[in-house]
Amino acid sequence: MHDEANIENALRTVAERQQSFVQQLFARDTDDLGLNAEGMKIYRQNLRATATQALSISFPTVYQLIGDELFTFATEKLLLKQPPSQGDWAKWGSGFAEVLKGLEQLDDYPYVADCARLDFAIHYSEKARNTSFEFESANLLAQVALDKLGIEIADSVTILESDFPLIELWNAHHSDEKENYIQAFKDKTTQADFKQYILAYRPSYKAIVSELSESEYFWMSRLICGKSVGLSLDLLEASTFNFEQWLPKAIEQNLLVRFYSKN
Numbered sequence: 001m002h003d004e005a006n007i008e009n010a011l012r013t014v015a016e017r018q019q020s021f022v023q024q025l026f027a028r029d030t031d032d033l034g035l036n037a038e039g040m041k042i043y044r045q046n047l048r049a050t051a052t053q054a055l056s057i058s059f060p061t062v063y064q065l066i067g068d069e070l071f072t073f074a075t076e077k078l079l080l081k082q083p084p085s086q087g088d089w090a091k092w093g094s095g096f097a098e099v100l101k102g103l104e105q106l107d108d109y110p111y112v113a114d115c116a117r118l119d120f121a122i123h124y125s126e127k128a129r130n131t132s133f134e135f136e137s138a139n140l141l142a143q144v145a146l147d148k149l150g151i152e153i154a155d156s157v158t159i160l161e162s163d164f165p166l167i168e169l170w171n172a173h174h175s176d177e178k179e180n181y182i183q184a185f186k187d188k189t190t191q192a193d194f195k196q197y198i199l200a201y202r203p204s205y206k207a208i209v210s211e212l213s214e215s216e217y218f219w220m221s222r223l224i225c226g227k228s229v230g231l232s233l234d235l236l237e238a239s240t241f242n243f244e245q246w247l248p249k250a251i252e253q254n255l256l257v258r259f260y261s262k263n
């Protein structure tokens, strides 16, 4: 336990030093870094270019929506707020949606931040570890009370809730039917009290996006939080959710890892 605390403190110290370095790097006064002006300029440009390239891969839809100039500006904001804590740029970017949400240039386009959440969910899904359902664990359905039975959801699964038709927006930038999806996006944004529940998952090698019903969304959110099957079903008592219909579909979509006993 003591060793874990020391490791955590060491990682926090490294992250704080990286953040301080990046902040100084983009500040006007960079004398403390011990680099000349030309060296600083080159280093700053290289860092910005590398970061922008990395995020454009992780957030391809956002990049298309807002363009290179604003995307680069937002990238620099994220570098200052949340610099990479490790060498793998592909794992960086979890705070990008919050940065976009705070940009006044996007005040009239509030869906962009949510689109970033979906982009990152898809990116995360494709980078997550490979898993497959442990069929022998299904024996627990007959052996353990539902209130003591849990379901482990695959790391490649993310669920999102949005006030905007993100699926249509995402498909408009990643399919050959752009105009149809753009029109669907426009139509749905005019609906009163619109809400969309989204599932990002990876059945094999490529991440997929699909829409969930409200009951499916809340069911999965409770499982992800570690709630038992029994309690999760009780909380959906008034809904039309059907566990027997959901289970084989979830296994086919590779959403599940295993059943487990919560005793």
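The sequence shown begins at 1 in the working numbering and counts up one residue at a time.
Where is the CB? At the ideal position from N, CA and C, for every residue including glycine.
Assignment of Leu55 by DSSP, reduced to helix, strand and coil, places it in the helix class. Taking 3 residues as the minimum length, the stretch 38-117 contains no beta strand (DSSP E) run wholly inside it. For Ala145, the CB contacts under 8 Å within the same chain, skipping 5 residues up- and downstream, are Gly230 in chain order.
When Ala51, Leu80, Pro83, Gln82 are compared, the shortest CA-CA separation from Asp68 is found for Ala51. By the Cβ-count criterion, Thr158 is buried, with 16 or more other Cβ atoms from all chains shown falling within 10 Å of its own Cβ. The way I'd put it, the stretch 174-194 doesn't touch the stretch 217-228; fewer than three beta-carbon pairs between them come closer than 8 Å.
Contact between Ser175 and Phe120 does not hold, since their C-beta atoms are separated by about 20 Å, which reaches or exceeds 8 Å. Taking 8 Å as the cut-off, the Cβ atoms of Leu140 and Ser239 do not count as close. The beta carbons of Thr61 and Trp170 sit closer together than 8 Å. Burial check for Gly93: the Cβ neighbour count within 10 Å reaches 16 or more, so the residue is buried. DSSP places Phe218 in the helix class (H, G or I) of the three-state scheme. A direct Cα-to-Cα measurement between Tyr124 and Ser156 gives close to 7 Å.
Between Phe164 and Tyr217, the CB-CB gap reaches or exceeds 8 Å. Inside the stretch 145-178, DSSP marks whole beta strand (DSSP E) runs of 3 or more residues at positions 149-153, 158-162, from first to last along the chain. Taking the C-beta atoms as reference points, Leu55 is found nearer than 8 Å to Thr75. The C-beta distance from Glu134 to Arg44 rounds to 49 Å, too long to fall under 8 Å, and the pair is not in contact. Note that the C-beta distance between Ser210 and Leu236 is not below 8 Å. In this structure Leu256 is not in contact with Phe243, their Cβ atoms being roughly 12 Å apart against a cut-off of 8 Å. Under the three-state reduction of DSSP output, Gln191 falls in the coil class, being neither helix nor strand.
Between Ile251 and Ala200, the C-beta gap is not smaller than 8 Å, which leaves the two residues out of contact. By the neighbour-count criterion, in which 16 or more other beta carbons inside 10 Å mark a residue as buried, Pro84 falls on the buried side.
Look at Leu141 here: in three-state DSSP terms it is helix.
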